[in-house]
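*Asks:* Below is one structure. I have some questions about it.
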Amino acid sequence: MARITIDEKVCKGCGLCADACPKNVISLSEHRMNAGGYYVAETVNPQNCIGCSFCAIMCPDCAIEVER
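According to the numbering used here, the sequence shown holds residues 17 to 84 in order.
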């Protein structure tokens with residue numbers, strides 16, 4: 017199983033990572049904001065991650081790291 021790390025300090029909540037994930041592992045939080053006032057991306061079903069790294073590739077702020 018792969019592990020996703022999201023740097024919430026640089027996440028701007030654009031949602032591109034969630035849109036790119038084929039297994040719906042990432043979504044935007046409806047409750048957690050970072051210091052910049054953005055609703056951050058979070059993992060919701062980490063056990064479903066296949067390690068494709070589409071989320072990290074799509075992130076314009078390089079806030080996501082996928083470890084396989």
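All C-beta atoms, glycine included, are put in the ideal place defined by N, C-alpha and C.
For clarity, every value in this text was computed on a predicted model and none was experimentally measured.
(1) Among Asp-23, Cys-30, Lys-25 and Val-60, which one has its Cα closest to the Cα of Met-74?
(2) Apart from the five residues on each side of it in sequence, which residues of its chain come closer than 7 Å, Cβ to Cβ, to Cys-65?
(3) Within the continuous beta strand (DSSP E) that includes Ile-42, where are the two ends?
(4) Does DSSP put Ile-73 in a helix, in a strand, or in coil?
(5) Work out the CA separation of Lys-28 and Arg-48 for me, nearest whole Å.
(6) I believe Glu-46 touches Ile-22 by the beta-carbon criterion, under 8 Å. Please report the beta-carbon distance rounded to the nearest angstrom.
*Replies:* The structure says:
(1) Cys-30
(2) Met-17, Ala-18, Ile-20, Lys-39 and Val-41
(3) 42-49
(4) helix
(5) 12 Å
(6) Contact flag wrong, Cβ pair sits at about 16 Å.
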